[in-house]
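First residue of the sequence shown? That's 57 in this note's numbering, and the numbers climb one at a time after it.
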Amino acid sequence: MSRFTLRAASFLVVLTVLSATACVDRSSEEQAARVCSATNEERFEDALAASQVGASAAGTGREIAECRCIAQLSTGDRDGCIALLDPLLRENSAGDWVPHPVLTGLMLRVWRASGDYERGAHLSRIAAEAHPANVDLLQLELSLRAQVEDEALVLTDIADRLEDDPRWTAQRVVLSLAWTRRMDYAQAISVLGRTAPSIEHPFALPWYEARIGAFAREGDGDAVRATFAAWREAGWDPIDLQARYALRVSVDHIADPEHSALALLEAALEHVDGIRDRNLVWGLYRRLIGEYLGWGQPEKALALYDVAIERVPLEGITRDEIVRAVARGSADYDPNALATLVLEAPPEARGGRWLLNPEPDQAPDVGYRALAIAGDGPQRARTRVGDHPTRWILEDAEGRTRASGSTWPTPGATTRVIANFGPAHTKPAHATAQSRAPADGRRRVFAILADCGDWRLTEYLRARGDLPFHDHLFDQGHRAVLESVPAFTAAAMQALVRPAQPQAAPGAIARIYKLGLELAGLESVGTNPVGFLSWVLPERPDLFETIGAGPVVTANMLLTHGKLDVGRQAELVGPHGHREDLPAPRAYRALTPDELARHPALDLGADTRKFAQTIAAEMDAAEAIAREGRVDFLFLRLEALDLLTHSGFSQIDGSGQDDGRGALLSAYRYIDERLAALHAQLDEDDWLVYLSDHGIRSAMQHEEDAIFVVLGEGVPPGRATGEPALRGVPKGLAAMLGVPTSWPDTGAISWLEVEGDENEASALASRR
């Protein structure tokens, strides 16, 4: 064949290929037009029929895929849409593809739920370029990128994209709330900008609330009042602002120079008919009920409850608990009054047994009483009434839990408990005592404080077989039932972190307790109960400064803020007094699919999900600090458990058979497995401390019993005598690290003594 003929043939082949490609492109474009036209005209069945083939990750195949996916969503086939888009978006040719915002949001949520954070973060970044003003995509970008990048850097990066224009107010509010969640209130205020949006702006309310919330968390009452004044001058409804201010004073414990929180709430409710926001009405009633209970006025709380329940739902508060508060205040109330329980089990329970919680006059950790089921018919048991419900468990003949719940016995009367036999309870599978690294001659102490961690709920779940690592802690460690008076977080944290600070007189403490400073699920507590003494007292070293004065490195993760003076959050102190910030920990971490499979109740509801994600991030941080190895003493507080407790306690407060279900009890199980995982990161000669600041009596009132246990090499198993005061714990924590102090010793850890001068402490922890 001649050279000319070969060239001609090659040219014909190229023409043929180009012609075929053009035909394919035209065909694909025509198909995309048909599919998308049918979708736009809501002829979804036609769109689906026309798009059975042709979807791809490139060219017009993307249009076909998107329009088909929207048609699938419109006909209820969400799974089909995901199955179509997921593999296409994973192809190399899809690198720059940003689907319709609705579809992008769908896939980002799917990947976030499945833990595919890298892929989600990539799509969210390029989606931000394509749809910079989309607030939903911004929130998804933040949540996904924070899983694989430093969250503070992500927030800064996103803020740099924003323009100084009211159109970006929504984005600024999102970033401000994220900074507030990280407890960086200066950044939260700064990112909002100095100029408020007009009150007609759809995000004016969130902007002002975000700014006020950050100032409140800083403890800056003057700035809070100034912002409210500016808001009013801008023309906002004064009745609405009166209600919002009353709630801020009550919830955030902002000291008003003229009025108490109770008086402000009462005044706001005088105009309840003029309040258009039903959430404000709900909040006012709920807070005022709590204030009445805190001030020892349960009769007023009950009367207000009966009025409020006709207007708004009061989830988390029951009339029964207020009635019991009224009864406890009566002159003839007897917590030791006897009642009779009639326990009715199904025939299959024969050979099993009932378990009942300890009597009110017994310590909460003495173990459950057993009542054997010898034959058919109900069992009868005498019990005292007390201030807590009677919790019961039904086991089968093999010792497996088949039912459990709680009831309120009636004094001098008979109360029936009818148990419905359920499936045999499967105990958690996580290891209780995993192998750890060999001892290295250096003792580290990791202390985890469960805010509002309750002895009675813990023992209930242990008796069910739900907390295997707690069993290991209490069996092998040294425990104490601590007395925490007054039973609110600010007082407990003051005693733990500043033990050298003298305690307020009993009369003052009693008055502060009646103020109800921690009611109905506060995120934190307010005024330091002995703060009024600070101006006449010299500043004294706190727990971290004292332990960190020598060769020991301490880490403070107690979630301090303007309302809780316990040192700086995420700060290292030591060695020899050196101070520096820890790398910023995540504020939250989505639970993995495996975690959610074990604890599905932690994914039910936005608030529950947020609280669980906070606990996950905090325990992740503890494990990371343990692996890194630099820190000798970590003190970390799980604040979110308090929020879960107040929001979920009424569901298990004498409400019948619960079988251990619900978000609150699931949180205890999740913490149990996370404690086991943390323990596995520690060396054989490291010590783990688990404690709480107080317990829970009702959804509106704390209990004075607090948990304490320490586990480690050389720790004598057993229990402290009586109920040592919580204020003795800091001396023991310092002693664990070889630091002698003259702080109070209440007997919580009296077996551990350290010789030496507290001003020249020689720590046991030798530096590597």
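Ideal placement from N, C-alpha and C gives every residue a C-beta, glycine not left out. Fair warning: this is a prediction, and the values are worked out from it, not measured in the lab.
Using CA coordinates, which residue listed in the options is at the minimum distance from residue i?
i	options	result
Ala437	Arg367, Pro155, Ile429	Ile429
Thr320	Leu159, Gln87, Asp296, Gly408	For clarity, residue 320 is Leu in the given sequence; the question names Thr instead. Ranking the options by Cα distance to Leu320, first place goes to Asp296.
Leu529	Leu747, Ala183, Asp192, Pro369	Leu747
Asp152	Ser170, Leu179, Ala169	Leu179
Asp216	Gly249, Ala453, Met239, Thr236	Gly249
Leu793	Met756, Pro631, Arg717, Ser460	Pro631
Glu219	Arg82, Val247, Ser706	Val247
Glu451	Ile727, Ala475, Gly136	Ala475
Asp333	Arg342, Tyr361, Arg300, Gln353	Arg300
Val501	Pro434, Ala678, Thr701, Glu627	Ala678
Pro434	Pro402, Asp421, Asp443, Gly423	Pro402
Quick check: what's the CA-CA separation for residue i versus residue j?
i	j	result
Trp895	Leu767	Look at the range of the chain in this structure, 57 to 824, and you will see that residue 895 is not part of it.
Asp329	Phe477	49 Å
Glu371	Ser754	13 Å
Glu809	Ser199	47 Å
Gly633	Arg686	15 Å
Glu400	Ile345	37 Å
Pro465	Thr446	7 Å
Ile365	Leu358	11 Å
Thr77	Glu174	At Thr77, the pLDDT of 37 sits below 50, so the modelled position is not reliable and the matter cannot be decided from this model.
Gly461	Glu207	42 Å
Trp448	Trp410	7 Å
Ser491	Phe525	14 Å
Ile214	Arg498	43 Å
Leu162	Asp698	32 Å
Arg124	Glu265	41 Å
Asp496	Glu684	15 Å
Pro656	Glu314	47 Å
Gly455	Pro484	16 Å
Ser706	Arg440	21 Å
Gly291	Ile255	7 Å
Leu734	Leu325	48 Å
Glu86	Ala150	22 Å
When we look at the beta-carbon of residue i and count the other beta-carbons within 10 Å, is it buried (16 or more) or exposed?
i	result
Leu660	exposed
His156	exposed
Leu104	buried
Glu651	buried
Pro594	With a pLDDT of 34 at Pro594, under the threshold of 50, the predicted position of this residue should be treated as unreliable, and no value is reported.
Val204	exposed
Ala226	buried
Pro414	buried
Asn96	exposed
Val608	buried
Gly788	buried
Gly431	exposed
Ala776	buried
Gln108	exposed
Ala323	exposed
Pro830	Because the chain here runs from 57 to 824, residue 830 falls outside it and cannot be looked at.
Leu194	buried
Asn392	exposed
Determine whether the beta carbon atoms of residue i and residue j lie at a separation below 7 Å.
i	j	result
Arg645	Asp676	yes
Ala536	Ala804	yes
Ile671	Leu694	yes
Ala186	Glu197	no
Tyr361	Arg375	yes
Leu159	Gly176	no
Ala493	Asp739	yes
Cys508	Thr664	no
Glu779	Glu515	no
Val398	Thr463	no
Ala626	Leu638	yes
Counting along the chain, where does the beta strand (DSSP E) carrying residue i start and finish?
i	result
Asp749	Note, Asp749: premise wrong, no beta strand (DSSP E); not H, not E.
Ser199	No beta strand (DSSP E) holds Ser199; the alpha helix (DSSP H) holding it covers 191-204.
Thr670	It is not in any beta strand (DSSP E) - Thr670 instead sits in the alpha helix (DSSP H) that spans 662-684.
Met239	Looking at the DSSP string, Met239 is not in any beta strand (DSSP E), and its letter there is neither H nor E.
Met613	610-613
Looking at the secondary structure, which residues open and close the alpha helix (DSSP H) in which residue i lies?
i	result
Gln840	Given that the chain is displayed from residue 57 to residue 824, the structure contains no residue 840 and the question cannot be resolved.
Arg175	173-186
So with Cβ pairs under 7 Å, would you call residue i a contact of chain C?
i	result
Gly461	Any reference to chain C falls outside this structure, which holds one protein chain only.
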